[in-house]
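Student: In terms of numbering that gives the first Met the number 0, the sequence shown opens at residue 0 and continues consecutively.
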Amino acid sequence: MELGGPWAWLLGLPTAVVYGSLALFVSVLHNVFLLYYVDTFVSVYKINKAAFWVGETVFLLWNSLNDPLFGWLSDRQFLSSQPCLGEEELLVGGKEAGSITLSQYLRQLARHRNFLWFVGMDLVQVFHCHFNSNFFPLFLEHLLSDHISLSTGSFLLGISYVAPHLNNLYFLPLCRRWGVYAVVRGLFLLKLGLSLLMLLAGPDHPGLLCLFIASNRVFTEGTCKLLTLVVTDLVDEDLVLNHRKQAASALLFGMVALVTKPGQTFAPLLGTWLLCFYTGHDLFQQPPLTPVGSAQPWPEPPAPPPAQAPALRQGCFYLLVLVPITCALLQLFTWSQFTLHGRRLHMVKAQRQNLARAQTLDVKTV
0 MELGGPWAWL LGLPTAVVYG SLALFVSVLH NVFLLYYVDT FVSVYKINKA
50 AFWVGETVFL LWNSLNDPLF GWLSDRQFLS SQPCLGEEEL LVGGKEAGSI
100 TLSQYLRQLA RHRNFLWFVG MDLVQVFHCH FNSNFFPLFL EHLLSDHISL
150 STGSFLLGIS YVAPHLNNLY FLPLCRRWGV YAVVRGLFLL KLGLSLLMLL
200 AGPDHPGLLC LFIASNRVFT EGTCKLLTLV VTDLVDEDLV LNHRKQAASA
250 LLFGMVALVT KPGQTFAPLL GTWLLCFYTG HDLFQQPPLT PVGSAQPWPE
300 PPAPPPAQAP ALRQGCFYLL VLVPITCALL QLFTWSQFTL HGRRLHMVKA
350 QRQNLARAQT LDVKTV
């Protein structure tokens with residue numbers, strides 16, 4: 000179908016411009032929703048806690064299942080094993096050929112040690128990324144609203160979304176020089192160091208708080224973007240370990256999403272619970288906007304005394320610093336168990352090339 004009139008100029012745009020524009024608009028919609036949906040549904044629409052949890056549960060199910068579902072439909076024909084060569088010594092034996100069922104594929108993943116350690120680490124990373132996004136406005140309101148202007152707060156929000164993309168221009172050369180494993184480990188150590196420094200400094204340093212809130216989100220988002228490179232290495236290792244006819248990349252990316260995307264749901268649920276547990280401030284029991292005497296789903300909570308304001312501020316501060324400390328410690332442990340780097344990664348890449356070369360020879364022979 001041809002475009003005419005004012006839309007004809009679209010046909011002359013380079014593919015990279017069209018794809019980049021689409022990615023930009025999708026990213027804008029995603030990030031605006033991610034940043035404001037908790038505050039919007041809780042503070043503006045004032046839904047109750049049960050409705051919020053039901054909505055998050057539905058989101059959890061679809062958000063986790065759609066990627067592996069489409070990955071299975073796309074890549075299931077690539078899962079059958081090919082006979083071993085190989086004059087080549089592969090990492091794991093296995094000479095059976097034939098199609099593989101979903102249960103057999105899941106058993107293969109359960110034996111894929113690096114996959115298991117990676118998704119454990121990435122689950123924590125996804126949780127931390129979305130925790131930062133969901134509670135960014137809350138931290139600005141209770142920790143910095145008395146010290147910064149609205150324009151400064153808007154600037155912090157904007158830079159926290161733009162800077163990770165710019166950071167990758169610097170991180171990618173570091174990955175080529177030192178390897179993705181070392182760069183990601185360094186980012187975890189940096190997260191831990193900055194959080195401990197902020198914990199020792201306390202909440203009474205607005206400049207340091209601004210720097211920490213922005214840098215914590217920037218480095219966390221930057222790490223999320225680098226982890227895609229690790230998944231591509233896992234795709235190669237899966238191909239070599241299970242002697243697949245072709246890399247099942249879409250399916251493996253989908254299985255990573257199946258395990259890690261629940262972190263997107265756990266972030267607001269666990270965050271609101273921790274805030275209520277440590278400060279007594281329940282986001283779902285805001286003072287209603289309806290006139291006094293109207294029907295209420297539960298009695299209106301009494302207005303908090305002025306002495307609770309510092310407690311809420313202190314609770315937000317500890318939530319701000321203790322969550323990244325806990326996440327960093329968990330990630331440093333799981334990442335230390337991940338072995339797909341250095342010599343093993345080079346061996347997997349070499350055997351991946353040998354398998355591709357052998358398949359080319361087989362095609363030429365036929």
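In this text, a Cβ means the ideal position worked out from N, Cα and C, and glycines have one as well.
Since we're looking at a predicted model, the values are computed, not measured.
#1: Residue ranges of each alpha helix (DSSP H) run of no fewer than 4 residues wholly in the segment 172 to 204, ordered along the chain?
#2: Pull up the distance between the alpha-carbon of residue 181 and that of residue 174, whole angstroms please.
#3: Go ahead and pull the three-state DSSP assignment for residue 86.
#4: Using C-beta distances below 6 Å, list every residue in its chain close to residue 200, excluding the 5 sequence neighbours before and after it, in chain order.
#5: Using beta-carbon positions only, say whether residue 154 and residue 212 come within less than 8 Å of one another.
#6: Buried or exposed for residue 216, going by 16 or more other Cβ atoms inside 10 Å?
#7: What three-state label does DSSP hand residue 337 in the structure shown?
#8: For residue 247, count neighbouring C-beta atoms within 10 Å of its own C-beta (all shown protein chains included) and say buried if the count is 16 or more, exposed if not.
#9: Verify whether the separation of the beta carbon atoms of residue 147 and residue 205 is less than 8 Å.
#10: Quick check: the segment 41 to 51 against the segment 217 to 232, are there 3 or more CB pairs under 8 Å?
#11: Where does residue 36 sit, in a helix, a strand or coil, going by DSSP?
#12: With a Cβ-Cβ cutoff of 8 Å, do residue 274 and residue 318 count as a contact?
#13: Counting along the chain, where does the alpha helix (DSSP H) carrying residue 271 start and finish?
#14: Since residue 104 is in the alpha helix (DSSP H), which residue starts that stretch and which ends it?
#15: Exposed or buried, residue 314, counting other C-beta atoms within 10 Å across all chains shown (16 or more means buried)?
#16: With a Cβ-Cβ cutoff of 8 Å, do residue 167 and residue 224 count as a contact?
#17: How many angstroms separate the CA atom of residue 294 from the CA atom of residue 54?
#18: Please report whether the beta-carbon of residue 171 lies at a distance below 8 Å from any beta-carbon of chain C.
Tutor: Quick look at the numbers:
#1: 179 to 200
#2: 8 Å
#3: Any reading at residue 86 needs caution, since the residue's pLDDT is 41, under 50, leaving its predicted position unreliable; the model's value is listed next. The answer is coil: DSSP assigns residue 86 none of H, G, I, E or B.
#4: 207
#5: no
#6: buried
#7: coil
#8: buried
#9: yes
#10: no
#11: helix
#12: yes
#13: 261 to 278
#14: 101 to 109
#15: buried
#16: yes
#17: Reliability of the predicted coordinates at residue 294 is poor, the pLDDT of 39 falling under 50, and the value obtained from them is presented with this limitation in mind. Going from the Cα of residue 294 to the Cα of residue 54 covers about 24 Å.
#18: The structure shown has no chain C; it contains just one protein chain.
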